[in-house]
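2 protein chains.
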Amino acid sequence: MAGLRVGHAGRAGGGWLSGTTVVLAPEGGAVAAVDVRGGGPGTRETDALDPRNLVQRVEAVVLTGGSAYGLDAAGGVMAWLEERGRGVRVGPDPAHVVPVVPAACVFDLGRGGDFGARPDAATGRAAVADAAARESGHAVDVGAVGAGIGAVVGQVKGGVGTASTVLGSGITVAALAVANAAGSGIDPRTGVLYGQLFGAGAGAGTGAGTGVGAGADAGDGPAGAAGSAGAAGSAALVTPPPPEVHAAALRRLAEAAARNVAPPLNTTLAVVATDAALTKAQAQKLAGTSHDGLARAVRPVHLLNDGDTVFALSTGTRSLAETDPLALNEVLAAGADMVTEAIVGALLAADSVETPGGTFPSYRDLYQQ
Amino acid sequence: MAGLRVGHAGRAGGGWLSGTTVVLAPEGGAVAAVDVRGGGPGTRETDALDPRNLVQRVEAVVLTGGSAYGLDAAGGVMAWLEERGRGVRVGPDPAHVVPVVPAACVFDLGRGGDFGARPDAATGRAAVADAAARESGHAVDVGAVGAGIGAVVGQVKGGVGTASTVLGSGITVAALAVANAAGSGIDPRTGVLYGQLFGAGAGAGTGAGTGVGAGADAGDGPAGAAGSAGAAGSAALVTPPPPEVHAAALRRLAEAAARNVAPPLNTTLAVVATDAALTKAQAQKLAGTSHDGLARAVRPVHLLNDGDTVFALSTGTRSLAETDPLALNEVLAAGADMVTEAIVGALLAADSVETPGGTFPSYRDLYQQ
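Top line first, the protein sequences correspond to chains A and B.
52 is the number that our numbering gives to position 52 of the first sequence; each next residue is one higher, with no gaps.
243 is the number that our numbering gives to position 243 of the second sequence; each next residue is one higher, with no gaps.
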C-alpha cells in the first residue's frame, strides 16, 4: 500500500511470545477511524478518532501483544515521532507536537511461559524504527511477527496476515490482520478455513492474496446483482482436507486444548487502508463494515472475550466519484473481503509453536498443506 | 419462541407489493435493544432503546416495507396498544400510556408497480391484530408475508424467514429476518447460498431450521476450540447446483437485472429473541453480534444503500449463569447463527414474483429446488 510502512518487533523464547506491529503513515499522517466491536477491548487513543472530534490524521497505528500492558508500546512510538516533530502541532514551536497514536492490543499473556514478558515502549520504538527503514509500499512480513508472535485462533496458531486488491476504479484497498480469536477459523465439519468458503487464500501463505472476489461483485452498482461475475476465476468450492487428516487434526487440537490454559481473552485486530480520499466519518464506516470480513473468517466472533477492533486509514491520494453517493460501496465491500483474506493468510502463514506456556499447532502443520 | 407472537399484514397485486410485520411481546413488554449498521437506515424510536435511556421494555417491534413512509405503520400498532392500556405509564390514570414501538423499514417502493402503494397505520394495526390472535410460541408464517412481501436480495426474491435453537443450557435463541439486501445471498461462483456454507438451510423452506452449528461450537468455553463438534451432524459441504443450472440462473438474473430499475436502497432487518434474562446493554451486544450472521449470509452487506438493523428482545424467563461472565457468549454466537439461518430460510421459502414494477425470480425457481 503506497505511502504506508509496516514494522514489527518482539520476541519468541526465554518466556516470551509477544510483540508489536506499527503501521506508519506518510509524514503529515493519514485520515484515521476505528470501530471496536469485541466485548473485551484494550485500546488507547480511540476516542480521538471519533469523527466529531478534533484530530483528523494520525502518524501511526499500533497493534500490540501484551494485553492492556502492551499499550505502553504506543509511548515508544510517540517518543520516536516527537523526536521527528511529527504529530499535532500544539504551539508556535514546531517541535511542540503531540502525536496521536491509536493502539489496540491482543491477549497473549503467558503464552511464552512468562506472564510478565510483554511489549513495552522499547518494543514500540523498535517496531516503528523497523517500519521507517522500509520503502513505501514494501512487501509486509507476515506470520509470527510483531503482534502476531503470540497470536492463537481457537487452539490454532495465528499471526499477522495481509491482503490487498486494486478495484476497477484504480483504488487500492489493503488489510493487515492480527488473527487471535476466541472463536475458530476452521469449519469443524470439514477442516476448511471459514474464509476459504468465500474464496480467500488462493494466494496461500504469501500474505498477499489477490482477494475474495477481487473487487468484482461489489463494483456493478447499487443492485449488487447475484448474477455478477464475482470471483469467477477461482475454484468453484474449496476442496476439504481428507477426512482422516481432519480427524487427526481434531485429535491434536483436543490434546492441545487439554494441555493449554484456556485464554480468558483473545481479540483480532485489523488495519484496513485505502488510497481513496475518505472523510473521518467515511473511514469509520469502512472500519465498521470491515468487521464483516472478520465474521466470515472466524465463528463465533465479537464475543465478550474478544476485543476485536478494526482501524481504517485513508492516505487520500485518489478521489471517490463525487457525483455518485454510492462510490464508497466498493471500498466497503473490498475492506471486508481483504480482512477475510488477511485472516486466512495469517492462518496459512503460521508455524506451530510449543513453549512452556502452551502448544499451538499451525493449520499447515495440522492439515499438511 | 414462548411469549412472543408474530403477525403480518400487507398486499400483493393492484400496484402493491409491500406489508408490515409485528413482533408482539407479552403484556408488560420485553427488554429491547437495537444495532443499526446499514448506511441508509429508516427507523423510529430507536434512540429510546439506548441502554442509557429510560425505557427498558417495549410491547412490540415493527418491521415494515414502504421505506420511511412505512414507519407510519408503528402508529397503528401504538393505537392498538393504547386501547389496551399497554405502554409506558405516564400518569395516575392507567389508561395514560405511551407505547414505545421501535420500528425499522425496508425499501420496496414501486416493486408492485405503484410507488404510492405502501403500508400505513391501518397495515400496522392489522399486523398487530394478526399477532394477537396467535398462540404464544406459534409457528411463524414465512416467505412473502408482511414486510417480506416486497423484499428482494440482489435480483432474487427475498422475504421473511425464521429460525430458532435451544442451547445446552436450555436457553432459546430465535431470529426473524426480512431479507432484502443490495448485496447477494448467492455465491456467484457456484449458485450456493452463502449462508449454506455455514450449514444453514438444512431444514430448507420450513422457516424453522435447526440452526447453523446448533449451539454446539459456541458452548465449550472461552477457548472456542476448533476441535469442537460444531454442526457435526450436517452435510460436510453443501453440494453446489449443476453448472448448467447455475449458468441458466445467471442468465435469468441478468435478464431480470436489465428489466428492473436498480433499487436505490435495500435493507435487511432482523429481530433476535431469547428467553435469557438480559440487561438492555447485553441485549444491545446481542443485536450487534447478530449482524455477524448477516455478514455470513449476504455479501457485500451493511452498504450505504442498506439500512441493515437488528433488534434484540429478551423475554427474561431464564437466568444467565451469574457466576460466569462469559455465559452470554453462547447466546451471542447463536444469535448470529440464527440470523444466517433465517436469511437462508427466507430465500428458500420465496416464490418468484412478476409485477408491473419488476421481475423477481426466486432461488427455488432458479435452481429447481
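We put the beta carbon where it would ideally sit given N, CA and C, even for glycine.
* To do: Identify the contact partners of residue 326/A in chain B, using a Cβ-Cβ distance below 7 Å as the criterion.
  => Counting from one through the first sequence, the residue named residue 326/A turns up at place 326. Residues of chain B passing the Cβ test: 304 and 305.
* Buried or exposed: which applies to residue 295/B, given that a residue is buried once 16 or more other Cβ atoms fall within 10 Å of its Cβ? -> For the purposes of this step, residue 295/B is taken as the residue at position 295 of the second sequence. Flag for residue 295/B reads buried.
* At 7 Å on the CB atoms, spell out the chain B contacts of residue 301/A, in chain order. => Looking up residue 301/A in the first sequence gives position 301. Correct list: 292.
* For residue 191/A, the nearest candidate out of 136/A, 177/A, 297/A and 139/A (CA to CA) -> Taking the first sequence and counting its residues from 1, one reaches residue 191/A at position 191. Of the candidates 136/A, 177/A, 297/A and 139/A, the one whose C-alpha sits nearest the C-alpha of residue 191/A is 297/A.
* Would residue 405/A be called buried (16 or more neighbouring beta carbons within 10 Å of its own) or exposed? -> What is shown of chain A runs 1 to 369, which leaves residue 405/A out entirely.
* **Residues near residue 11/A in its chain [Cβ-Cβ closer than 6 Å; skip 5 each side]** => Translated into the one-based positions of the first sequence, residue 11/A becomes position 11. Excluding residues within five positions, none has a Cβ falling inside 6 Å.
* residue 37/B versus chain A: which residues are under 7 Å apart at the beta carbon? -> As a first step, residue 37/B is located in the second sequence; it is residue number 37 there, counting from the start. For residue 37/B, the residues of chain A that pass the 7 Å Cβ criterion are 288, in the order they occur in the chain.
* Asked: Looking at residue 89/A and residue 97/A, is the spacing between their C-beta atoms short of 7 Å?
  -> For the purposes of this step, residue 97/A is taken as the residue at position 97 of the first sequence. For the purposes of this step, residue 89/A is taken as the residue at position 89 of the first sequence. Yes, they are a contact pair.
* To do: Look at residue 307/B and residue 42/B and say whether their C-beta atoms are less than 7 Å apart.
  => Walking along the second sequence from the start, residue 307/B turns up at place 307. Walking along the second sequence from the start, residue 42/B turns up at place 42. A Cβ-Cβ contact shorter than 7 Å links residue 307/B with residue 42/B.
* **Exposure label - residue 53/B; buried when at least 16 CB within 10 Å** => Working through the second sequence from its first residue, we reach residue 53/B at position 53. Burial call: exposed.
* Taking the alpha-carbon positions, what's the residue 32/A to residue 355/B distance? -> Looking up residue 32/A in the first sequence gives position 32. Looking up residue 355/B in the second sequence gives position 355. Using only the alpha carbons, I get a separation of about 46 Å.
* May I have the straight-line CA-CA distance separating residue 79/B from residue 5/A, to the nearest angstrom? => Taking the first residue of the second sequence as 1, we reach residue 79/B at position 79. Taking the first residue of the first sequence as 1, we reach residue 5/A at position 5. Near 60 Å, if we compare the C-alpha coordinates of residue 5/A and residue 79/B.
* Contact under 7 Å by Cβ, residue 128/A with residue 77/A -> Counted from its first residue, the first sequence places residue 128/A at position 128. Counted from its first residue, the first sequence places residue 77/A at position 77. Result yes, Cβ atoms of residue 128/A and residue 77/A sit closer than 7 Å.
* Asked: Roughly how many angstroms separate the alpha carbons of residue 305/A and residue 277/A, rounded to a whole number?
  -> In the first sequence, counting from the first residue as 1, residue 305/A sits at position 305. In the first sequence, counting from the first residue as 1, residue 277/A sits at position 277. So the two alpha carbons sit approximately 34 Å from each other.
* **beta strand (DSSP E) runs contained entirely in the region 53-138 of chain A, provided each spans 3 or more residues** => Those beta strand (DSSP E) runs which fall completely within the region 53-138 of chain A and span 3+ residues are 60-64 and 103-105.
* Give a yes or no on whether 7 Å exceeds the smallest Cβ distance from residue 180/A to chain B. => Taking the first sequence and counting its residues from 1, one reaches residue 180/A at position 180. So no, residue 180/A is outside the interface.
* Would you say residue 436/A reaches chain B, if we count a Cβ-Cβ gap shorter than 7 Å as a contact? -> Here chain A has residues from 1 to 369 only, and residue 436/A is not among them.
* N-terminal and C-terminal residue of the alpha helix (DSSP H) that residue 246/A is part of -> Numbered from its first residue, the first sequence carries residue 246/A at position 246. Unbroken alpha helix (DSSP H) run through residue 246/A: 243-259.
* At a Cβ threshold of 7 Å, is residue 281/A touching chain B? -> Mapped onto the first sequence, residue 281/A falls at position 281. Cβ-Cβ to chain B under 7 Å: no for residue 281/A.
* Would you decide whether residue 324/A is buried or exposed? Buried here means 16 or more other CB atoms lie within 10 Å of its CB. => Locating residue 324/A in the first sequence gives position 324, where the first residue counts as 1. Exposed, by the Cβ-count rule.
* Asked: By a C-beta neighbour count over all protein chains shown, 10 Å radius and 16 as the cutoff for buried, is residue 59/B buried or exposed?
  -> Stepping through the second sequence from its first residue, residue 59/B is reached at position 59. Classification of residue 59/B: buried, given that the 10 Å Cβ count is 16 or more.
* **residue 34/B (DSSP reduced to helix, strand or coil)** => Counting from one through the second sequence, the residue named residue 34/B turns up at place 34. Three-state result, residue 34/B: strand.
* Mind pulling the chain B residues with CB within less than 8 Å of residue 296/A? -> The residue you call residue 296/A lines up with position 296 of the first sequence. At a C-beta separation below 8 Å, residue 296/A has these neighbours in chain B: 295, 296 and 299.
* To do: Examine the ligand HEM and report whether any of its heavy atoms sits within less than 6 Å of the Cβ of residue 41/A.
  => In terms of ligand content, the structure shown is empty, and the ligand HEM therefore cannot be addressed.
* Name the DSSP bridge partner or partners of residue 7/A? -> Position 7 of the first sequence, counting from 1, holds the residue named residue 7/A. Per DSSP, the beta-bridge partners of residue 7/A are 22/A.
* To do: Please go through the same chain and pick out, in chain order, the residues whose beta-carbon is closer than 7 Å to the beta-carbon of residue 130/A, but skip the five residues on each side of it.
  => On the first sequence, residue 130/A is found 130 positions in, with the first residue counted as 1. Excluding positions up to five away in sequence, the list reads 7, 8 and 9.
* Asked: For residue 183/A, which residues of its own chain have a beta-carbon under 6 Å away from its beta-carbon, when the five flanking residues on both sides are left out?
  -> Counting from 1 along the first sequence, the entry for residue 183/A is found at position 183. Only 298, 299, 300 and 301 meet the Cβ criterion.
* Could you tell me which of 119/A, 360/A, 268/A and 309/A sits nearest to residue 288/A, measuring between CA atoms? => One-based indexing of the first sequence puts residue 288/A at position 288. Nearest C-alpha to residue 288/A: 309/A.
* **Helix, strand or coil at residue 343/B [DSSP, three-state]** => Numbered from 1 along the second sequence, position 343 holds the residue referred to as residue 343/B. In the structure shown, the three-state DSSP call for residue 343/B is helix.
* Flag residue 347/B as yes if its beta-carbon sits less than 7 Å from any beta-carbon of chain A, otherwise no. => Start at 1 with the first residue of the second sequence, and residue 347/B comes out as number 347. Chain A contact via Cβ: absent.
* Assigned secondary structure, residue 189/B (DSSP; H/G/I helix, E/B strand, else coil) -> The residue labelled residue 189/B in the question sits at position 189 within the second sequence. Coil, per DSSP.
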